[in-house]
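Enquirer: Line by line, the protein sequences give chains A and B.
Numbering that gives the first Met the number 0 puts the first sequence at residues 0 to 156.
Numbering that gives the first Met the number 0 puts the second sequence at residues 0 to 167.
Ideal Cβ placement from N, Cα and C applies to all residues, glycine included.
A single structure is presented below for examination.
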Amino acid sequence: MKLTLIIDAAIILLVSYYIMKKRLHLFENIFILMILEFLVTSYCAILYINLDVWTIANDTELFIIFRVYETIIYPFIWLSYFNLQPFFKSALSKWIWTGLFVGIQSVVERWLVEWDVITYKGWPFWLSFILQTLIVLIVHLALAWYRNLMRKEGIPE
Amino acid sequence: MLPLPEKFDENEWFLLLCVGLSYLVVFLLPRRFPRSITVLFLLIGTTIARLSDHLLASPKLDLYNIMDTPNYDLFDLITYFLYAPFSYLFLYFYDKWNIRGYWILLFLVLCTAGGTLFEWINQKFGVFTYKGWHLSYSFSVYLAIQCLVLLFFHWVMRRQPIEKADSH
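See the structure below:
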């Protein structure tokens, strides 16, 4: 039941992303997706393999849920954030928008904890919140660099 | 967070040498694609390698180890820098030699064989330690991935709004 729910959620997220009016160039979208896939798999590996502050469920169904979360749900939530962000013009609204998505990501992670997909071992939830913020900042910086590269080559945004 | 190697020996030296040489080749070759596209061609190799290793070599499946430990250590991270020039060079020569028709199949098989051979050398140097994995599986994985990378190449090139950089 949990697995079908998460797969349905992933499909809905993918379709929503596909039909969404994207404000970023296609290359920017690919760039962000690849950076996010790399970051999220590294971030999770460090937490549950190296530091052992997370345990991922051994049960196959729950383990697949975690993989779907890592490779589809997590990056596509951020990708949607980056595509919708240009709609907000003022700095304050951008910050609120970022805060909202950091909150969404944290709630999704919390949900996985409630489902026993992830078990915290002395890991405080607020640290996840900080890490989500750090990840979005890293992607923003990488995107700014890539956008500058595109601008120099005359690719319209 | 990212542990250092248990012992700085042949696998670390081999990896650093390969990373250095492969990037040198990439920088010495004449530029073929716009920089924004070059970045994507470099990243595709790294991302696919990271995803495959994460799915196949992390706990639960754990079919092989990368470098000294089962952990995600600093030199695991450096191995991903090695995939970037390989994916770039694969696409570079595919485009430069204008490979079409049945030649694509030959190119794919040769590159897959080359990739598998390189992995075998890596295994000999202790970059990979198999725990249920077999080199023949790598051939199939490389073949599938290289097909995907070629599809990605055509998809990107169809959408690129600027002319290719002068190759010579």
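Give the interface partners of N70(B) over in chain A, defined as CB-CB distance under 8 Å, in chain order.
Expert: I48 and N49
Enquirer: Since E60(A) meets chain B, which of its residues come closer than 9 Å, beta carbon to beta carbon?
Expert: Ordered by position in chain B, no residue passes the 9 Å Cβ test against E60(A), which lies about 12 Å from the chain.
Enquirer: Output needed for F127(B): all residues of its chain with C-beta closer than 8 Å, excluding positions within five of it in sequence on either side, in chain order.
Expert: Y63, N64, I65, E118 and N121
Enquirer: Counting only runs that start and end within the region 36 to 80 of chain B, where is the beta strand (DSSP E) found for 3 or more residues in a row?
Expert: 63 to 65
Enquirer: What are the start and end residues of the beta strand (DSSP E) that includes T128(B)?
Expert: F127 to Y129
Enquirer: Can you tell me whether DSSP reads W53(A) as helix, strand or coil?
Expert: DSSP places W53(A) in strand when its eight states are reduced to three.
Enquirer: Mind checking the region 30 to 52 of chain B against chain A and listing, in chain order, the residues whose C-beta falls within less than 8 Å of any C-beta there?
Expert: P33, R34, S35, I36, V38, L39, L42, I43, T45, T46, R49 and L50
Enquirer: Taking Cβ positions, are P74(A) and L32(A) nearer each other than 7 Å?
Expert: yes
Enquirer: Express the C-alpha separation of F87(A) and C110(B) in angstroms, rounding to a whole number.
Expert: Roughly 46 Å between the two C-alpha positions.
Enquirer: What are the start and end residues of each continuous alpha helix (DSSP H) run of 4 or more residues lying completely inside the region 97 to 138 of chain B, in chain order?
Expert: 101 to 123
Enquirer: Taking Cβ positions, are A83(B) and T37(B) nearer each other than 7 Å?
Expert: no
Enquirer: Could you list the residues in the region 0 to 17 of chain B with a C-beta less than 8 Å from some C-beta on chain A, going in chain order?
Expert: M0, L1 and P2
Enquirer: Tell me, please, whether the region 9 to 16 of chain B touches the region 57 to 66 of chain A by the rule of three or more beta-carbon pairs shorter than 8 Å.
Expert: no
Enquirer: What residue does the alpha helix (DSSP H) around T40(A) start on, and which one ends it?
Expert: L25 to A44
Enquirer: Tell me the rounded alpha-carbon separation between H167(B) and R157(B).
Expert: Residue placement at H167(B) is poorly supported in this model, since its pLDDT is 40, which falls under 50; the coordinates still yield a value, given next. Taking the straight line from one Cα to the other gives about 22 Å.
Enquirer: In angstroms, rounded to a whole number, what distance separates the CA positions of V25(B) and R31(B)?
Expert: When rounded, the distance between both Cα atoms is 10 Å.
Enquirer: For S35(B), verify whether its CB is less than 6 Å away from any heavy atom of the ligand FAD.
Expert: As presented, the structure is devoid of all ligands, the ligand FAD included, so that no description of it is given.
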